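Asks: In UniProt numbering, the protein residues as written are 1 to 1229.
Have a look at the structure that comes next, please.
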Amino acid sequence: MLEIHKLKIHFSRECNSLQRCLPIYSRKTEILRLLRYYSVSVVVAETGSGKSTQLVEYFLQSDAAERGTIICTQPRKIAALSLTEFVSGQIGSAVGQVVGYDIGTEKKYCFKTKIIFMTDYSLLKMCLRNRHLKDISCVVIDEAHERTLYTDLLLGMIKNCVQMRPDFRVVITSATINPDVFKTYFNLPHEAIINVPGRMYPVEVVWMKNDVSVGWDHVEACVKKAHDIHIKKGPGDILVFLTSPSEIGEAISMFKELCSSEDKTATLLCLHGKCDVQEQVKVFQTSTDGSRKIIFATNSAETSLTIPGVKYVVDSGMAKEMVFLPEKKKNALVLSFINKSSAEQRKGRAGRTQPGVCYRMYSEENYRVNMPPRSLPELLRTNLQKALLKILEFGIQPEYFEFIESPPKEAILVSLDSLEHLGAIKDNKLTSLGKQLAQLPIEPRFAKLIIRGIDMGIGYEAAIIAAIVSETGKLFMRPIDNKIEADNKKREFCLEEGDLCTYLDIYKRWLAEPRDRRYQWCVENFVNSKALNVAAKVVNEIVINLRKELCINLPKRYNNLAFKSNYEAIIFECFSENLCIFSGHPQTGYLSPYLSEMFFLHPSSSLCYLGKDTPEFLVYTTLMETSRNYLMDVTPISEETVRKAYQMGIFKLQVDILKYLQMHQMILGPFGESILIRHILGKGGCKIMDIENQIEKCTRTKNFRVDVKVDKGLVVIYIEKRFHTKVSDLINEIIQEAHLNMMNEEDIIQIVGSTTYFCLGAGGIISDIIMPGEFKEVIIENCHKNKSEHFIDFLKKIGPVQSVKIIKNMNNTIRISVIFFKAADAETALLSLHQQEARLSVRSVVCHPRNKDKSKPLFRILVTWCRIPSSGTGWIEFYTEEDCIAASGKLTNASFYIDDNYIQFTPSRHNVKELYMKNLPPLVTEKAIRVKLSERLPGFLKVRDVTIKREKPTEVSKKDIDFIKQELLKLFSRFTSPKNLLIDVKLPKAQDTQWNASVYFECLEDGERALRELADKAKLGQHLLHMQQILKSHLNCKILVYEAVEKNIAELAKDYKQRKICEEFSVIPNLKEGTIRIIFGCKNISELGDLRQKLMKLLQGRVIEWFGNPKAFFIFTKYGRVLIDKVENSTKTYIVLNNMRKSISIYGPVDECKNAERMIRDLVNNQSQSNTKVFDLNNSNIPPGFIKCLFNKYGLDLHGLIDDFNLKAAHLDVFYKKLMLEGQSIKLK
C-alpha cells in the first residue's frame, strides 16, 4: 500500500509538471541523466524555462531524494521565500514539510523535509558545521551568473566536498551564465553542460530617444512613466526597477503626489531584500479588487521571480554598487549603468505570464556603449574583509583557497591589513575578536562596533547605528515641491555629534511613537518610513544572530550615560583608518594621512545642515565618488580622542604629524585694485595660474590655495607654515615689479564718435592725444632670437619706451612689441626699421574702431586632414593593471586591423597599465583607434588614454598657409568663381595633429555640389580630405538689446521648432562683457539663412538716420541722453545712440518702437526752436592744437566749459570737428 501511495504522489506531481508545459520538461530525462553520471553539471536555461522551480521537483523524483536532502541556493532571501511558497504549492505540501527554507534568521523545515531553499550565506554557515555536507545529496546553485561573494566562497568549499564524496551532486544553473568559467574550475567534460531554451511571451521594448548619463534624475523619470502607463494603458501590473530601498520610498511618495486622493485603482507595493514577509506575499498575490499593482523593486526582482500579472516593466537602467578601490583602500558607493545581462533579465519579467512592454529609461546607444555584457563577480570588485574572515574561519590561508577567479593580490593584502588594524587577525589567524566578527553577516567594522558597544554597555545603540548605515540608505526625504520645509525639519534633527548620532536619535524618536502613529510621524517630519522599518528588522536580525551564534543576549534598552562617555572612542577605534583632518580651507576640504586626494563633506551631512565651524578631525563610513570625493556618514573626533588612541596603541600616527598636513592662512596686502586684477588675477585668471605654478615650483607641494579678495585689497594664501616666508617673498617680488610697470603705463580711451584717442597717464592726466592714423606701438614679426637685443636697443635710442613684450613663436623665432611714449617716435622707429632691414616684417598697431558684425558667406564646409603622420607606433593606457592584462589577452589573440594594417599589441616594459602598438597606418587618428577598441573590448575594460607616436612636426610658415589656400582654391573653384569663395586656413599650434580649414560659398547650390562630389574623395597631395557641412550659425548682441526683443525671438524659435526646422537654439549670456550669443542650427542651409535673416532684422531694431542734420546732434550729448532715457521709460523700449554714424536704433515691440520714433522726432523738431550754436573747427582761423588745449583745459566731457559759461550742454564732435553749445543767447555770444 505504501508503494502504491508513493506512486500516486509521483504520478500527481508528474501531471502537474506536464500541465505547466514548461520548456525544461522536454529535457527532464537528459537532466536526470546528468545528475546520475556527473558529480558537477551545468544547466544553462533561458528565462521562462522553469529551471528555478522544476529542477528540484525533478530531483525529488530521483534517487537523490532517497540519499539525502536537496538544497537549492538563492542569492536573495526574497527569491528563497517565494520559491519555497511556489514549489510547496505545486507538489501539494505545506511550507516546512516536504519543502522548507533557511534564510539565516528565519528557517522552516523538519526531519521530513526533502527540499530546502537557502541563501548562499546560510549554506556557507552549514559548511562550517558540516564540512562534507553529510546527509545532503544534491546542491543546486541557482542564478550563478550573479557571482555574489558568498556564491564564490560556497563553490570553493563545495569543490572539496565533490572530491571527498563520489555520491555528492552539484548542479549550477542560470539564464545568462558563462559556462566556460565553471567548466574550467571543475574540469568538466563538454557533455556535463546542457542548454535549455526558454519560453517567453513577446516583449516590446520602448527606448528613450535621448542618451542619459549617470546622475540624471532617473527616479522622477521612472515615476512619471509608471504614472503615465497607469493613466493611459490597459490592464496589467507595473514593475519599476530602482537602485535602493530609499529610492523606492521616495518613488512611492512621488507617485502618491501625482495621483488624486480619490484614486483607488492603484496598489503601491515595494520589493527588496529587507521587505517584511507580509509585504512580499502581497507582491505575489493576484489583485482581487480590480486595482493595478505597481511594484517598485530593486534588482532583487531581476531573477528567479515570476510575479503574476506583470505586463509593464519600467527599467531605470541604473544600479548602486559598493565597490572597493584597492589604490584608495576604501569602499566607494558607485551609481552606474547596469549590464546587458541584467537589462535582459529585467525585460524578461514582463513576458512571463503574458505579452508585455519594457520601457527602458535609456537609449539604444546607452545600451550599446555604456553597458558591459555582464557584471564583474562581487569578489573582484568589493572589499574582501568578509570573504577573508570566512576563509580564515574555515582554517584555510587565503593564498591556498581555490577561487573561481582570483581577486587581485593587492586587494587581498589591503583587506588583510585592514583586518589586522581592526584586531580581527594576527599572524594571518583569527583572533578571539575575529571569530566573533566572522559570525555576524555585516561589514567587519560595523560588527566590531557592535561587539565593542556590548563591552561598553551600549550594544543596542551600536546595533541600531550599524543597521541604519549598512542596510537602509537615505533616511531623509526631500520632495521636489517642498525642499525648504524638508530641510528645515531635517535641521531640527541634526546633532553636532555627527550623522551616526543623528540617525540614532531619529530611530529613538520613531520607536517612541505608538505603532499606529509611526508612519504619520515620518510623513510630518520628512523621514523615510520604510528605511526605519528596514532598520528595525535588521536590528532584530543582529540581536538573533548574537544570541544564536555568540550566545550573547542583547537587551533592547538604551544606556545614555555610557553612550555619552564611550561612543566617540569606540567609533574612532572601529573607523580610525577613515580618519580625515581639515585642510585649512573649505575649497580644499579634508585630507587623509593615507591618501593624496582631497575629500569633502557630502551636502546631505548633518554637519553641513548645522552650518557650524568645520571640525578639525572626523571619521567617515563610506566614500562616494562623483565629480568629487564625498565623505558619507561622518562623525567629528576630538583631538584628545586621537591622542588617547595613539597612547593606547590603537592608532599609529601622532596628532602633531597629522597637523603637519594642514594649511595655515597667510595674509598679504593691502594692495591696489588695479594691481590685484591685472597683475595677480590677470585676464581669464591667467596670471593667478602662473603664480600658482611658481608657488608649486618653489615649494614642491600642491597642497595650497590662493584667494584674491579684490574688495579688501588682500592676497590670502593657505599653505603649510614652513613655506610662508618663501611664498611671501615671491608675491612681494611680483607686486614690486607690477608697481614699476604701472608707473610707465598709459590707458588709451577712444573719444566717443571719433577715431581720436586719449592717452591717460598716472593720476588720470592726459599725456597725449592720438589723432586718426597715429600710432604708438610697433611690432617686429618673426625676429631671430640672436637679434632681439640689437633691435630693442636700437628702438630705445629713438625715444622713451613704455614697455617691451617678447613672445615666442612656434618656429623658434620671436615677436617683439614695443610701445613708445610719443606717436612721433613710433613713426620714426617704423621708418628706420624699414630702411635698416628691407626683409624685416615690421608693422604698426593703429587704433581704429572695429566692426564686429561683419557677415560671412552662407554655405560653410569644414575641411580637415592629417598634419603630423603616425610613426607607426603608439600605446594604450588603461586605468588598472588588471584591465590591461585582460585587454592584452583579448587583443593579442585577435585579428585587429585598421585600414589594411594588422596592428600588433605587446605589454609595455615601462608601464604595467599600458599596451604597446605597432604597424599603425600613417594617417590614423586616436579617435579611430578608440572606436575599434570599443568594438573589440567588453564595456568594463575602460581605456584611459590612446597616444600615437607621430613624426616630428614640420615648421609652418606663411608660405605653407598660402600654398594650402591656393590648392584649396584650385579644388573648390571648379564649382564656383574664385571671387565667390572665401577660404580660411587656421594656423595650427605645435601640438595640433590635424589641419583645419573653413570654405565659404556665396552660392548655396555651388557649395552643396562641391560637398557632394568631394567629401571623403578629394586629396591634398597624398592626404585624404574629410569634409562636413556646418549647419550652425550664431549672432551676438548686447544683453539689453536681447531683453528688449526676447519675446519676439522666443516666438520665432518656438515657431521653427514646432515646424521641426530648427534642431538647435540656445542663448548663452556673457555677463562679464554684457553680451548674449544666440546659437542656432537647422536641417538645411536655406532654412539656416532664412532664420539668420529674421533674427538679424530683430536685432538691428528700428533705425533713425540723422547724418548731415546738425539740428539733431544735440541728441548725442549728455543732455540728449537724458531725454532719450525718458523716452525709453515711457515706451518700455531700449534705445542705442551711434554717435559715429549719427543714428538711433530702437528695440522692442513694433508699436512701441513706432511710438518711440515719433517722440524722438518731436524732440528734434522742438529743439530746433531753442538756442543752439555750432562752431565749425575746420575753419582756417582755428589755431593748430586747439582741440588738445580744449580738452586739457575743460576736461574730457567739457564740464569746465559748461560751468564757466553757465551753459545747458556742450559737445565736441572730433570726427566732424564741430563744437555744439546750448544755453541762453547771451551766454552763447
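Don't be surprised by glycine CBs; every beta carbon is placed ideally from N, CA and C.
Only a predicted model underlies this, so the values are computations on that prediction, with no experimental measurement involved.
1) With which residues is Ala1210 paired in a DSSP beta bridge?
2) Hey, Gly453 and Ala462 are a contact pair by Cβ (cut 8 Å); roughly how many whole angstroms apart?
3) Around the C-beta of Val1122, are 16 or more other C-beta atoms found within 10 angstroms, so that it is buried, or is it exposed?
4) When we look at the beta-carbon of Pro373 and count the other beta-carbons within 10 Å, is it buried (16 or more) or exposed?
5) Count the other CB atoms within 10 Å of the CB of Phe963; is the residue buried (16 or more) or exposed (fewer)?
6) Based on the DSSP secondary-structure assignment, which residues constitute the bridge partners of Gln904?
7) Just the C-alpha distance for Lys1227 and Ser1143, rounded to the nearest angstrom, thanks.
8) Rounded to the nearest angstrom, what separates Lys822 and Glu1043 at their Cα positions?
9) Taking Tyr38 as the reference, which of Pro189, Tyr25 and Thr105 has the closest Cα?
10) When you compare only the Cα positions, how much space is there between Leu1212 and Pro1183?
11) For the structure I just gave you, are there three or more beta carbon pairs, one from the segment 62-80 and one from the segment 120-134, closer than 8 Å?
12) Which first and last residues belong to the beta strand (DSSP E) in which Ala45 is found?
13) From this set, Val655, Val206 and Ile248, which residue's C-alpha is nearest Ala350's C-alpha?
14) For Glu597, I'd like the list of residues in its chain whose CB is within less than 6 Å of its CB, leaving aside the five on either flank, ordered along the chain.
15) Using a Cβ-Cβ cut-off of 7 Å (strictly less than) and excluding sequence neighbours within five positions of Leu1091, which residues of its own chain qualify?
16) How would you call Ile667, buried or exposed, if buried means at least 16 neighbouring beta carbons within 10 angstroms?
17) Please report the straight-line C-alpha distance between Phe671 and Leu714, rounded to a whole angstrom.
18) Along the chain, where does the beta strand (DSSP E) containing Leu149 start, and where does it finish?
19) Between which two residues does the beta strand (DSSP E) harbouring Thr173 extend?
20) Counting pairs of beta carbons, one from the segment 130-146 and one from the segment 50-69, are three or more of them closer than 8 Å?
21) If you drop the 5 nearest sequence neighbours on each side, which residues of the same chain put their C-beta closer than 7 Å to that of Ile1039?
22) Count the other CB atoms, across all protein chains shown, that sit within 10 Å of the CB of Leu440; report buried if there are 16 or more and exposed otherwise.
23) Got a sec? Which residues, its chain only, sit under 6 Å from Ser260 by beta carbon, not counting five neighbours each side?
24) Could you give the first and the last residue of the continuous beta strand (DSSP E) run that contains Val181?
25) Within 8 Å, do at least three Cβ pairs link the segment 611-621 to the segment 637-644?
26) Once the 5 residues before and after Val1067 are set aside, which same chain residues still bring their CB inside 7 Å of it?
27) So Ala438 and Thr431 are in contact, right, with Cβ under 8 Å, and what is the actual spacing, rounded?
28) Using the Cβ count rule (16 or more neighbours within 10 Å means buried), how would you classify Gln1093?
29) Would you report the Cα separation of Lys311 and Thr286, rounded to the nearest angstrom?
30) Ignore the nearest five residues each way along the sequence and tell me which others in Lys209's own chain have a CB closer than 8 Å to its CB.
31) What is the rounded straight-line gap between the Cα of Glu673 and the Cα of Leu730?
32) Does DSSP put Met689 in a helix, a strand or coil?
33) Quick check: does the Cβ of Asp711 come within less than 8 Å of any heavy atom belonging to the ligand FAD?
34) Mapping DSSP to helix, strand and coil, what is Ile1076?
35) For Lys856 and Pro800, what's the separation of their Cα atoms in angstroms?
36) DSSP on Glu777, reduced to helix/strand/coil?
Replies: Short version:
1) Looking at the DSSP assignment, Ala1210 forms a beta bridge with Leu1221.
2) Going by Cβ atoms, the distance from Gly453 to Ala462 rounds to 3 Å, so yes, they are a contact pair.
3) exposed
4) Result: exposed.
5) exposed
6) Lys918
7) With a pLDDT of 48 at Lys1227, under the threshold of 50, the modelled position of that residue is not reliable, and no figure is offered here.
8) 43 Å
9) Pro189
10) Rounded to the nearest whole angstrom, the CA to CA distance from Leu1212 to Pro1183 is 16 Å.
11) yes
12) Val40 to Ala45
13) Per the Cα distances, Val206.
14) Asn629
15) Tyr1056, Cys1062, Phe1080 and Cys1082
16) exposed
17) For Phe671 and Leu714, the distance between alpha carbons rounds to 6 Å.
18) First-last for Leu149: Leu149 to Met164, but that is the alpha helix (DSSP H), not the beta strand (DSSP E).
19) Segment Arg169 to Ser174, the beta strand (DSSP E) holding Thr173.
20) yes
21) Pro1069, Gly1074, Thr1075 and Ile1076
22) buried
23) Within the same chain, Ser260 has no close Cβ partners at all.
24) Per DSSP, Val181 belongs to no beta strand (DSSP E); it is in the alpha helix (DSSP H), Pro179 to Phe186.
25) yes
26) Ile1076 and Ile1078
27) Contact doesn't hold; Cβ gap of about 11 Å is too wide.
28) exposed
29) Here the C-alpha atom of Lys311 lies approximately 13 Å from the C-alpha atom of Thr286.
30) Ser363
31) 19 Å
32) helix
33) In terms of ligand content, the structure shown is empty, and the ligand FAD therefore cannot be addressed.
34) strand
35) Confidence at Lys856 is low in this model, with a pLDDT of 42, below 50, so its placement is unreliable and the value that follows should be read with caution. Rounded to the nearest angstrom, the two C-alpha atoms are 42 Å apart.
36) Annotated three-state conformation of Glu777 is strand, per DSSP.
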